[in-house]
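According to my numbering, the stretch in the sequence shown is residues 17 to 119, in order. Below: one structure, written as structure tokens.
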Amino acid sequence: MARRPRRNHSPAFKAKVAVAAIKGEKTMIELAQEFDVHPNQIKQWRDQLLEGATGVFGETPKAEPEPTIDVKTLHAKIGELTLENDFLSGALGKAGLLRSARK
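See the structure below:
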């Protein structure tokens, strides 16, 4: 038996199938044959649609607040890293290991 390649369905297609399953006019088997999708997949999409429907009428999920950025700490870290970089490039230049320091 040949294995079917993996298919990616669009959100619109999933919604269409899930809504048809919710309507209940056809059985899962009939829907599976009509849309060429496994009945378990239709049930999963239907359950996802029902779970997500509360978000349409309820409160929107609250986004996590962005962490406060301490600019002074960041500037101090930048200064520290710049100082280390300058020190190391000077040491490599004196040792003859850095090409740009020779010129």
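Think of the CB as a built atom: it goes at the ideal place given N, C-alpha and C, for glycine as much as any other residue.
Tell me which residues share the same chain as residue i and place their Cβ nearer than 8 Å to its Cβ, disregarding the 5 neighbours each side in the sequence.
i, result
"G74", "none"
"K114", "It should be pointed out that residue 114 corresponds to Leu in this sequence rather than to Lys. For L114, where only same-chain residues beyond five positions count, the Cβ hits under 8 Å are S105 and L108."
"I85", "none"
"R22", "none"
Taking all protein chains shown into account, decide if residue i is buried (16 or more other Cβ within 10 angstroms of its Cβ) or exposed.
i, result
"I94", "exposed"
"L47", "buried"
"G40", "exposed"
"K110", "exposed"
"S30", "What sits at residue 30 in the sequence shown is Lys, not Ser. Classification of K30: buried, given that the 10 Å Cβ count is 16 or more."
When the Cα of residue i is compared with those of the options, which residue comes out closest?
i, options, result
"K59", "I38, A79 and I85", "I38"
By Cβ distance below 7 Å, which residues in the same chain neighbour residue i in space, the five residues on each side in sequence not counted?
i, result
"V33", "L47, F51, V53, I58 and W61"
"I45", "P55"
Exercise. Can you find at least 3 beta carbon pairs, one from the stretch 85-100 and one from the stretch 49-66, that sit closer than 8 Å?
Worked result: no
Exercise. Going along the chain, which unbroken runs of the alpha helix (DSSP H) with 4 or more residues stay wholly within the stretch 23-57?
Worked result: 27-39 and 44-51
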